[in-house]
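Structure record follows, encoded as C-alpha cells.
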Amino acid sequence: SETKPAYKRVMLKISGEALMGSQQFGLHPPTVQRIANEIKKVHDLGVEICLVIGGGNIFRGLQGSAQGMERATADYMGMLATVMNALGMQSALEDLGIFTRVISAIPMDQICEPYIRRRAVRHLEKGRVCVFAAGTGNPYFTTDTAATLRASEMDCEVIFKGTQVDGIYDSDPKTNPDAKRYERVTYDEVLQKNLKVMDASAIALARDNALPIVVFSLDEPNGLVGVLNGKGRYTVVE
Ligand code: UDP
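If you're matching positions, the sequence shown starts at 7 in full-length UniProt numbering and goes up one per residue.
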C-alpha cells in the first residue's frame with residue numbers, strides 16, 4: 007500500500023544514547039544499523055531527510071563541567087562527540103546505499119563538509135541524507151536546539167524526536183503505571199509544566215517558527231515510518 011507520504015522534508019533528532027544499544031557508552035554498531043534501516047524506509051518513500059544526532063553516549067558538556075572542566079571546553083568536546091556519531095551513522099546509511107553527507111557546524115574539512123545552507127538544501131533536493139553535526143557550533147546549547155535551528159533553516163515541515171518512550175507523559179511512565187500520554191500538547195504547556203521533551207530554548211525556537219515536534223519511540227520496529235504516516239503512538243507538540 008504505497009501512499010504518498012505526508013511530508014516532503016523532515017528533521018529527525020535522535021539522542022546519542024539511542025546509539026548505545028544495551029551498552030553503557032559509545033556506539034553499538036548493530037543498533038546504529040537498525041536505526042539506519044528505519045531511516046531507509048522513510049528515504050525509500052522519497053522523503054527528504056535531515057538528521058541531528060546528539061553526543062550524550064560519548065560526552066556531555068555539563069558532566070565535564072560538573073567535574074571541574076571549563077564549561078565551554080567541555081561543550082566543544084560534546085560537539086566533537088556528535089561528529090563521531092554522525093560519521094558512524096553515515097557509514098551505516100551508505101552501507102544501505104543511501105548517499106549521506108555529514109555537515110559540521112565547525113569546519114573540519116578532512117572529515118566532513120562545513121555547513122553552507124544553500125549547499126545543504128541542494129543535497130536534500132538530490133535525495134542525500136544530511137547529518138548535521140557539531141550542534142549549533144556554540145557552547146551552552148544542545149543538539150535539540152541545533153535540530154530545531156537546522157529544521158528551520160532547511161524549511162522542514164516537522165521535527166521527529168525519537169526517544170525510548172512513545173510520547174510525552176504527564177509523569178514518568180517508567181515509575182508511574184498511571185502516567186497518562188498526551189496526544190497533543192502546546193509549546194507553552196511543555197514550557198509551563200516543564201515536560202521533558204526538549205530543552206526550553208529548543209521548544210521556544212520551534213514555537214516561534216511554528217515547527218511541530220512529533221515525539222515517538224525509536225525502539226518500535228517501523229516506528230519512524232509509522233508516525234510519518236500518522237500511525238502508531240506518539241505525541242505532537244504544536
Ligand atoms: N553541545 C554544544 N552546543 C550545541 C550542541 C551540543 O555545546 O549546539 C554539546 C553539549 O556539551 C552537549 C553535547 O554537545 O552536552 C552533546 O549534545 P546533547 O547533550 O544535546 O546530546 P544528546 O543528549 O542528544 O545525546
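Glycine included, C-beta positions come from ideal geometry on N, C-alpha and C.
Residue closest to residue 235, alpha-carbon to alpha-carbon, out of 48, 196, 82: Here the question's residue 235 lines up with position 229 in the sequence shown. Of 48, 196, 82, the residue nearest in Cα terms is 48.
Using 10 angstroms around the beta-carbon of residue 148, count the other beta-carbons present and answer buried if the total reaches 16, otherwise exposed. As a position in the sequence shown, residue 148 is number 142, starting the count at 1. Buried: at least 16 other Cβ atoms inside 10 Å.
Could you have a look at residue 28 and say whether DSSP puts it in helix, strand or coil? Working through the sequence shown from its first residue, we reach residue 28 at position 22. Of the three classes helix, strand and coil, the one that applies to residue 28 here is coil, per DSSP.
Among residues of its own chain, excluding the 5 on either side of residue 177, which ones have a beta-carbon nearer than 7 Å to its beta-carbon? By one-based count along the sequence shown, residue 177 stands at place 171. Answer for residue 177: 185, listed in chain order.
Kindly identify the DSSP beta-bridge partner or partners of residue 64. Taking the first residue of the sequence shown as 1, we reach residue 64 at position 58. Bridge partners of residue 64: none, in fact.
Is it the case that the Cβ atoms of residue 173 and residue 44 are separated by a distance below 8 Å? Numbered from its first residue, the sequence shown carries residue 173 at position 167. Numbered from its first residue, the sequence shown carries residue 44 at position 38. Not in contact: residue 173 and residue 44 (Cβ atoms no closer than 8 Å).
Straight-line gap, residue 52 to residue 161 (C-alpha atoms, nearest Å): Working through the sequence shown from its first residue, we reach residue 52 at position 46. Working through the sequence shown from its first residue, we reach residue 161 at position 155. C-alpha separation (whole angstroms): 16 Å.
Is the CB-CB distance between residue 215 and residue 158 below 8 Å? By one-based count along the sequence shown, residue 215 stands at place 209. By one-based count along the sequence shown, residue 158 stands at place 152. Closer than 8 Å, so yes.
Count the other C-beta atoms from every protein chain shown that fall within 10 angstroms of the C-beta of residue 222, then say buried if there are 16 or more, exposed otherwise. As a first step, residue 222 must be located in the sequence shown, where it is residue number 216. With 16 or more other Cβ atoms within 10 Å, it is buried.
By alpha-carbon positions, which one of 37, 206, 41, 118 ends up nearest to residue 86? Along the sequence shown, one-based indexing puts residue 86 at 80. With distances taken between Cα atoms, residue 86 lies closest to 118.
When the Cβ atoms of the region 120–130 are set against those of the region 68–86, are three or more pairs found closer than 8 Å? no
Whole-angstrom distance between residue 169 and residue 41, CA atom to CA atom: Here residue 41 corresponds to residue number 35 of the sequence shown, with the count starting at 1. Here residue 169 corresponds to residue number 163 of the sequence shown, with the count starting at 1. One C-alpha to the other measures close to 12 Å.
Does the count of Cβ pairs from the region 235–244 and the region 54–62 closer than 8 Å reach three? no
Enumerate in chain order the residues of its own chain whose CB-to-CB distance from residue 244 is below 6 Å, with the five nearest sequence positions on each side excluded. As a working mapping, residue 244 is identified with position 238 in the sequence shown. Taken in chain order, the residues that qualify are 218.
For residue 94, I'd like the list of residues in its chain whose CB is within less than 8 Å of its CB, leaving aside the five on either flank, ordered along the chain. Along the sequence shown, read from residue 1 onward, the residue named residue 94 stands at position 88. Closer than 8 Å at Cβ, skipping near neighbours: 25, 33, 35, 38.
If you compare alpha carbons, which of 121, 163, 195 is closest to residue 12? Counting from 1 along the sequence shown, the entry for residue 12 is found at position 6. Answer by Cα proximity: 163.
Span of the beta strand (DSSP E), counted from its first residue to its last, around residue 17: For the purposes of this step, residue 17 is taken as residue 11 along the sequence shown, with counting starting at 1. Looking at the DSSP string, the run of the beta strand (DSSP E) that includes residue 17 is 15–20.
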